[in-house]
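Be aware that the sequence shown starts at 1, since it is given in full-length UniProt numbering, and climbs by one per residue.
Just so you know, even glycine gets a beta-carbon here, dropped at the ideal spot from N, CA and C.
This one's a predicted model, so the numbers in the text were calculated from it and none came from an experiment.
Report on one structure; see the data block that follows.
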Amino acid sequence: MTDKQALARRRKSTTEGPAAITGRERGLDRLVALLAHLHQVGRPVRIGDLARSLGAPRSTIYVLVKTLVEAGLIESSESTGEVFFGKTIYFYGMDYLRGHDLFGRARVEVDRLAQQTGELAQFCVMHEWKYTVAYMSAGARSFRVSSDIGTQIPLPWTASGRLLISDLPEHEIRRVITSEDLRPPRSAEMTLDEFIVAVAQARHDGFCVTSGLVDPFTHCIAVPIRDQTNRIVATLCFVVKVDTSADRMAFLRDLLFASAQALSLSQPADS
Numbered sequence: 001m002t003d004k005q006a007l008a009r010r011r012k013s014t015t016e017g018p019a020a021i022t023g024r025e026r027g028l029d030r031l032v033a034l035l036a037h038l039h040q041v042g043r044p045v046r047i048g049d050l051a052r053s054l055g056a057p058r059s060t061i062y063v064l065v066k067t068l069v070e071a072g073l074i075e076s077s078e079s080t081g082e083v084f085f086g087k088t089i090y091f092y093g094m095d096y097l098r099g100h101d102l103f104g105r106a107r108v109e110v111d112r113l114a115q116q117t118g119e120l121a122q123f124c125v126m127h128e129w130k131y132t133v134a135y136m137s138a139g140a141r142s143f144r145v146s147s148d149i150g151t152q153i154p155l156p157w158t159a160s161g162r163l164l165i166s167d168l169p170e171h172e173i174r175r176v177i178t179s180e181d182l183r184p185p186r187s188a189e190m191t192l193d194e195f196i197v198a199v200a201q202a203r204h205d206g207f208c209v210t211s212g213l214v215d216p217f218t219h220c221i222a223v224p225i226r227d228q229t230n231r232i233v234a235t236l237c238f239v240v241k242v243d244t245s246a247d248r249m250a251f252l253r254d255l256l257f258a259s260a261q262a263l264s265l266s267q268p269a270d271s
């Protein structure tokens with residue numbers, strides 16, 4: 001979903017309420033869209049490019065940027081005129097990690113798994129109805145893949161995605177998955193019914209393996225991490241070469257099971 005599409009969806013949901021969207025709400029929409037755009041492009045951006053990408057007047061973007069710079073949420077380069085996230089965002093992120101113990105413990109576990117096996121290990125969550133890499137660590141045997149920390153990918157394209165959405169009822173899955181989500185770049189387009197069957201299979205098996213959906217010549221092995229209510233809140237996974245033997249795949253899966261179970265069982269009761 002593009003920034004303009006996200007903004008349009010938010011506006012539509014607001015105008016469907018008892019009162020039309022206000023100027024203040026529109027400003028908040030654009031502020032959120034501005035931050036989301038910076039996250040999506042992952043690099044400093046000129047104000048003019050921001051205005052074009054968000055479909056907003058340049059004067060409006062200047063006002064928003066001034067407000068965000070004063071708050072330390074973004075920083076502006078005098079030499080290039082570009083803006084990007086500021087130090088305050090970093091400190092907010094650290095606050096999030098302190099308040100969500102699972103993320104800190106998962107990072108330690110991912111590093112350990114990568115070092116032990118030499119494979120690429122990842123900790124993944126669902127964010128904005130997308131599979132999102134929250135942390136990853138490359139082992140000695142690992143290779144370059146298209147995903148990185150913060151990368152968001154349609155749920156049907158990944159093994160983790162099938163698990164992350166598997167707690168939802170079928171009608172909810174049908175509501176949130178779009179036709180574009182069913183077109184992985186390295187594999188044939190799937191139907192929504194086929195994806196729902198795959199989700200049910202992952203839920204039944206308690207793990208999931210996919211091959212070559214995003215990166216060619218790779219397998220992805222994923223297992224769920226559950227909260228105290230047994231709801232799936234994250235996954236651990238390995239991304240390995242497609243010629244990895246069945247015995248090693250089973251060995252890696254069992255390592256993931258042990259790590260995910262430890263993370264699930266050790267979550268504090270109030271998390």
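Going by the beta-carbon positions, is the gap between G118 and G150 smaller than 8 Å? no
Could you have a look at P156 and say whether DSSP puts it in helix, strand or coil? Here P156 sits in helix by DSSP.
Assign L181 to buried or exposed, taking buried as 16 or more other Cβ atoms, counted over all protein chains shown, within 10 Å of its Cβ. Note on residue identity: the sequence assigns Asp, not Leu, to residue 181. D181 sits buried, since 16 or more C-beta atoms from the chains shown fall within 10 Å of its C-beta.
Apart from the five residues on each side of it in sequence, which residues of its chain come closer than 8 Å, Cβ to Cβ, to M249? V209, H219, I221, V240
Three-way DSSP call (helix, strand, coil) for L120 in this model: strand
Between the beta-carbon of F103 and the beta-carbon of L38, is there less than 8 Å? no
Could I get the ranges of all uninterrupted alpha helix (DSSP H) runs contained in the stretch 168-249, with 4 residues as the minimum, in chain order? 170-176, 192-205
Residue of W157, F238, T178 minimising C-alpha distance to A198: W157
Beta strand (DSSP E) segment containing E75, residue limits: 74-76
Leaving out the 5 sequence neighbours to the left and right, which residues in its chain are closer than 6 Å to G161 when beta-carbon positions are compared? Y131, L155
So, does the stretch 75-83 touch the stretch 44-51, judging by three or more C-beta pairs under 8 Å? Taking one beta carbon from each stretch, the stretch 75-83 and the stretch 44-51 have 3 or more pairs nearer than 8 Å; the two touch.
CB I232 to CB L163, shorter than 8 Å? yes
With DSSP as the reference, identify every bridge partner of H127, one or two as the case may be. The beta-bridge partner set that DSSP reports for H127 consists of K130.
Residue environment, V108, which counts as buried when at least 16 other CB atoms sit within 10 Å: exposed
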